[in-house]
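For the protein sequence lines, the chains are A and B, in the order given.
Read in my numbering, the first sequence has 185 at position 185, and its numbers run on one by one without any break.
Here my numbering = 1-based position in the second sequence + 768.
Below is one structure, written out as structure tokens, with a few remarks after it.
There are 2 protein chains.
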Amino acid sequence: MKHLLPALLLFPCVAVAQRPAPTPPENLVQYAHPLVGTAKMGHTYPGATVPFGAVQLSPDTDTLSYEQNGKYNPEIYSYCAGYQYKDPTIVGFSHTHFSGTGHSDLGDFLVMPTTGPLQLNPGTADKPQSGYRSAYSHATEVAEPAYYKVRLADHNILAELTATTRVGIHQYTFPQADESHLILDLMAGIYNYPGKNTWTFVRVENDSLVTGYRQTNGWGRTRTVYFALSFSKPFKQYGSRNYDQKQPYRGFWGRFDQAHNWPDLAGHQLRLHFDFGPTTSGQQIKLKLALSPVSTAGARANLRAEAPGWNFADYKRQGQAQWQQELSKITIRSPRRVDKENFYTAMYHAFTGTTIYQDVDGQYRGLDQNNHTAKDFTNYTTFSLWDTYRALHPLYNLVQPRRNADMVQSMLAHFDQSAEHMLPVWSHYANENWCMIGYHSVPVVCEAIVLGNAPFDQNKALDACATTARQRWYDGLGLYIDKGYVPEDKNGASVSKTLEYAFDDYCIAQAAKKLGRPDLEQEFRQRATNWQNVYDARIGFMRPRLADGSFRPKFDVLTTSDPAYIEGNAWNYSLYVPHDPAALIAKMGGSPRFVPHLDSLFTMNLPDKFFAETEDITRDGIIGNYVHGNEPAHHAAYLYNWTDQPWKTQPRIRMILNKMYHQGPDGLGGNDDCGQMSAWYIFSALGFYPVAPSSGEYALGSPAVHGAVLQVGQGKTFTVSVKNQSDKNVYVQSARLNGKLLTRPFLPVSEVLQGGTLEFVMGGRAAK
Amino acid sequence: MKHLLPALLLFPCVAVAQRPAPTPPENLVQYAHPLVGTAKMGHTYPGATVPFGAVQLSPDTDTLSYEQNGKYNPEIYSYCAGYQYKDPTIVGFSHTHFSGTGHSDLGDFLVMPTTGPLQLNPGTADKPQSGYRSAYSHATEVAEPAYYKVRLADHNILAELTATTRVGIHQYTFPQADESHLILDLMAGIYNYPGKNTWTFVRVENDSLVTGYRQTNGWGRTRTVYFALSFSKPFKQYGSRNYDQKQPYRGFWGRFDQAHNWPDLAGHQLRLHFDFGPTTSGQQIKLKLALSPVSTAGARANLRAEAPGWNFADYKRQGQAQWQQELSKITIRSPRRVDKENFYTAMYHAFTGTTIYQDVDGQYRGLDQNNHTAKDFTNYTTFSLWDTYRALHPLYNLVQPRRNADMVQSMLAHFDQSAEHMLPVWSHYANENWCMIGYHSVPVVCEAIVLGNAPFDQNKALDACATTARQRWYDGLGLYIDKGYVPEDKNGASVSKTLEYAFDDYCIAQAAKKLGRPDLEQEFRQRATNWQNVYDARIGFMRPRLADGSFRPKFDVLTTSDPAYIEGNAWNYSLYVPHDPAALIAKMGGSPRFVPHLDSLFTMNLPDKFFAETEDITRDGIIGNYVHGNEPAHHAAYLYNWTDQPWKTQPRIRMILNKMYHQGPDGLGGNDDCGQMSAWYIFSALGFYPVAPSSGEYALGSPAVHGAVLQVGQGKTFTVSVKNQSDKNVYVQSARLNGKLLTRPFLPVSEVLQGGTLEFVMGGRAAK
């Protein structure tokens, strides 16, 4: 430092002296709270992950089985992310978790540090001392982006977790203890059941490195995850127990003591322990567990590349720096800390929904179970597309364009590998789960084409969309193509399918138009009108129709258990024509009849009986009959924009933002669904929303922020400024895009992507 | 042809005209009979394979389970190779088979063509019509190297099989039939039981290509084989049945008819059928099924590389040409066809015992379950080393030196990948089975070093041997190192282990000597004397010794169920000091006492009760108390060479050759053990035998051939000529190596490998 002083004196920094020092960027990481959504039905996890990280290292609080007495166990539903805030014990820390899903899997490689006599069973929540699990108190718990900390009361161990993209990093601070152990439980898992492990394999490579894999037949039917686990301190000894009831063929193995220090294990039901002997107070044992979708060799390479050292604080700092960078894709102004907390918690969840799925060298396991190398893109997985096509992928297109293009390429690779020649429906870890309905990769692929964020063979991509949309065997699609609707007597969820197919078809038409393929455009433009075929004009609702053309007589617009609909009742689904609200409104009698109809959605009192019908809806996620906790009506509040009273959207949006999102573990009104709920928040708080991805337009709402700057790619920024903002001033008085007054309540997405400014002026009364 | 005539006239071929045209090489393939050993306990398979082929495409005649009522089913033992000659039905044709083993696995990808209504169950042997299996008659059966043919009576289908190294090729000639099917049974397997499949995976890529894999927890604990199956004719439709009792998580899959034309299947218990509609008489459907140890992509590449076309006759011709080439490594003269049949059947079995285990691009699955690429060598598997170190690998060193060096490199790669840091014991398909005792890779590696057939880092290889031999945890080895013997009260099979460890240690000493590493040589030269520590001089037998140094009181030299010995009784094992017979004989009282002792081995009458004690020994494989059906005494008849009556070896050898090997399905007196029994035949018929591999010497016997030419590598030949040969002239009168009279009954292997001549003169009486 001393040597610098003369230099500074010799070259006084005049330019700096003449203007004020730049404000250091605001620490946005402080606002994102991973614990939000960990109670009730948010289904998020509180543990450590980096943006889009392949590792989600997080505590699991129970070990329920997916089946009890041979039947689905409904209790398991609360444990989609492995953690429930109400639970009094932590079983251990596992390395993979979905964020906000309504079905689950994962929970791979559960690790637990313990003191005292070795216990290989997890024990039970009411008697944690009966096993390796531990009681804990939320008072000792800290959850930040890329950092999680908790004190394990029963063992008096301070557990800290952080992560890189592919490596989970553990730091355990031990008390003085006679014995210390690390448990590696390969039987553990989320949505587990005793037959779920098709195989597990472990090698103790030396006294501080363990490799292996877990192969499961779960929600992902054929899923394998490989690991390499490095210890900061050599273990003194180790052992395992194989709980397999049957191990035939192993006659000659009987010569060996495989329970102790045997380095080569495999079976369906393995638990391992690594023993470190006595510890002194404050002694730390650190672990680095790298994942790979390809091989243990890949996991070791990932470990070397991403986590060569042992400085936990550095990894935490790097992880939080990554979060700072990604959260900075949108900086907002707001006088209230809680608004920033809600916003950046939503950003945090939006950027954990999909995950990187390849080794550092680009290798990943494909749908065909072969290893592939991603060339010119990064391969992603966890595509909960029925949810995320709506707002999450549009958000990515806006502030994560490179990643969204990579995700589209990942979907196209999936198509190339698909035996069914389909784009993904709900895919994770080289599996198609066929969960939910529609072919909602199509809007994602097509929006990327329409917006020009498509660095790949666009015609081939469009062909993949068309091929997907023409698979006659798929879920009523042949009937839909022939009849223009899915007949309910032939195929369930027929109304939902017809409506969603029609929207997806619209997206193909839009992309075909962009690429100048009129035949394709015409075919799918026509198909996009099929929503009309399930509209019963006599009653003004989308109604199940039978193969003979008649509408099904039995019909209740409010019930959530009508098999013609999925995750939504007829009332909500009847609003689902996102690509042509004007036509829908016209059919429904135009603004005079539609506006009060839509008003009633938010104001009616849904009878209690409907809440008992389905596990997925509680009062928390509902406003009147508007179900924000599920997705089909996510666009509904924006529909006023197509009526003669567009301002009515604005207070609705502000109300939903206020009611459905808040801080605290129960801060989400329903499953976050891999970030779709959060993406809704982000768009709506900014003042606009992608009602129909691929349309090229956002619909205006009412901004909740006081201002925002969006990084829209290639160094461009898009600034939202809001004048006269307040909780009462929810009505937009005027909006100017790049200085030009908007005369319609819509924004062209292309102009937003070019950077520029959007200026809202707010007021307390509707600007009719 | 017409155009050639003037050219021939213009350039008359004077040289050819002056000497007789060369004799075309004799067709040796005609003499090799794959059916030999398929009855009783030979455990060979009759199907189609090329030399060292990765595919062994062969009929399986029953579907017994490895377990019945939760216990090992002893009946299964007959089905090590899937086929028993006595059986009246064929279940189907599967692609992998061990040759001659005494434990089993494999039987992957069973295919069966059928006519008539679809049957997905195999049915039973007594009611073949109850399933897809078929009765057959041996009268319709032809088994040749690389070719198998049989008529499936129930379906009136002529089945023909051939193979390339990695592709099984099927040709099915159908009758006129209303329906024709091909069954692909992924539940089937050898040594199968319902839980054996850890996973199977199938993709119907298009109407004539299917890929997938089978992963099993069998004898190989973690074994995966991938396939690509191509049909000569597109199937009209296909279907499957998943017999898994439980398939949770598959809720959304219920929308799809996965039983019919569903291209993407996985589970534990799958059977598929491919339907071709009506057939006309004589219509052929051909299949090519390629294997890979790595991936379905690898299997497809193997298919393209090795079997691009559909000409079955060409593949058969190529396969038999390969056999002709490999069988020609030794050409023999003999006036009797049956002698050639015995000899070339032995050659055939010797060259099917170990198998190539890598894709055409060199990739293979390693012991660590990672994919590796064999650089500068070809990777092999199926190492039944307790058997094959004795004569099979020495035979390979002699006439397959390149392959033997590749096998040694495969073993060294195994060592590098071994979590236990051990050379293979009994390994197949990336698994260590730990079957039998000893560390008998060591003699194979060390003999290669001693003989200079070692194109690899020889010191590293020797270190691997020493590391293996110093693993204190291994099977009594720590005790052996400390005490000089394995104490029977601490570790079973203690006498067998002590004797075999001592021999293996000798081999390390020999290699250390060759490489000039005196410390290592001294250490293991000392260990090689440990056989003395279990020799009880009071009774003249190798006897179980306890940790306190005393000999175990209870002792019966004849019983085959003494736990201190394995696959041999004390009488036979007491002769097992192959590396120092002279010292053994001296201990046993010298020639005067040893010669009659050894005589009695062949002449005594073993009480019947011993045959009931173990499944592995029948009267067929025994002469007196000499058990040729198991390996420990394979060198015994040669021990006379170290006495003052060496000629006594000669009639014994001729007797064993005559008694233990003949034509017909029951032509082998015991398990062929991956070619060890056959290698014994080959050496002994040539007139010499490797009593102690790594010693650098063969012991002389009595040639059964009338002459032989051996291709000993690098274009060199070693010629055995035999004068006055006859069934009665079993005594060697003289033997000259390269013209020089042998004064000891031993041959230096190094001189044989340099090429040259060995001239026997035979006579009817011992040349004392």
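The beta-carbon is built from N, C-alpha and C at its ideal position, and this holds for glycine as well.
Fair warning: this is a prediction, and the values are worked out from it, not measured in the lab.
Locate the beta strand (DSSP E) running through residue i, then write down its first and last residues.
| i | result |
| --- | --- |
| A:LEU773 | Residue 773 of chain A is absent from the structure shown; chain A starts at 1 and stops at 768. |
| A:TRP426 | 426–428 |
| B:PRO827 | 826–828 |
| B:HIS949 | 948–953 |
Should residue i and residue j be called a contact, given that it needs their Cβ atoms to be closer than 9 Å?
| i | j | result |
| --- | --- | --- |
| B:TRP1021 | A:ASN217 | no |
| B:LEU1478 | B:ALA1453 | no |
| A:VAL627 | A:ASN569 | yes |
| B:GLY1455 | B:SER1470 | yes |
| B:GLY1121 | B:LEU1160 | yes |
| B:TYR1197 | B:TYR1125 | yes |
| A:HIS634 | A:TRP571 | no |
| A:ALA39 | A:TYR79 | no |
| A:ASP108 | A:ARG214 | yes |
Please go through the same chain and pick out, in chain order, the residues whose beta-carbon is closer than 7 Å to the beta-carbon of residue i, but skip the five residues on each side of it.
| i | result |
| --- | --- |
| B:ARG1293 | ALA1277 |
| A:HIS414 | LEU367, LEU423, PRO424 and SER427 |
| B:LYS1084 | ALA914, TYR915 and THR930 |
| A:ARG765 | TYR731 |
Quick one: give me the first and last residue of the alpha helix (DSSP H) that residue i is part of.
| i | result |
| --- | --- |
| B:LYS1427 | 1417–1428 |
| A:ILE566 | Run containing A:ILE566: none; DSSP gives neither H nor E here. |
| A:ASP505 | 494–514 |
| A:PHE312 | 312–327 |
| A:GLY298 | 296–306 |
Applying the criterion that 16 or more other CB atoms from any shown protein chain within 10 Å of the CB defines a buried residue, is residue i buried or exposed?
| i | result |
| --- | --- |
| A:PRO632 | buried |
| B:SER1518 | exposed |
| B:THR1511 | exposed |
| A:VAL338 | exposed |
| A:LEU9 | Here the model assigns A:LEU9 a pLDDT of 39, short of 50, so the residue's position is not dependable, and the following value carries that caveat. With fewer than 16 Cβ atoms within 10 Å of its Cβ, A:LEU9 is classed as exposed. |
| A:THR140 | exposed |
| B:PRO802 | buried |
| B:ARG1361 | exposed |
| A:THR23 | exposed |
| B:VAL859 | buried |
| A:LEU758 | buried |
| A:ILE653 | buried |
| A:ILE539 | exposed |
| B:HIS949 | buried |
| A:SER839 | The requested residue 839 of chain A is not part of the displayed model; chain A covers only 1 to 768. |
Going along the chain, which residues of its own chain have a beta-carbon closer than 6 Å to the beta-carbon of residue i, five neighbours each way excluded?
| i | result |
| --- | --- |
| B:GLN1090 | VAL818 and PRO819 |
| A:MET411 | LEU423, PRO424 and SER441 |
| B:TYR799 | LYS1108, GLU1109 and TYR1112 |
| B:ARG1101 | HIS1474 and GLY1475 |
To which residues of the same chain is residue i closer than 8 Å at the C-beta, ignoring the five residues directly before and after it?
| i | result |
| --- | --- |
| B:GLU1200 | LEU1135, HIS1182, SER1186, GLU1188, MET1190, PRO1192, VAL1193 and TRP1194 |
>> Give me the subset of the stretch 207–224 of chain A whose CB atoms are less than 8 Å from a CB atom of chain B, sorted by chain position.
In response: THR211, TYR213, GLN215, ASN217, GLY218, TRP219, ARG221 and THR222
> Looking at chain B, which residues of the stretch 287–320 of chain A have a Cβ within less than 8 Å of any of its Cβ atoms?
Replying inline: SER295, THR296 and ALA297
> Quick one, which residues of the stretch 433–447 of chain A are near chain B if we go by CB-CB under 8 Å, in chain order?
Replying inline: ASN433, TRP434, CYS435 and MET436
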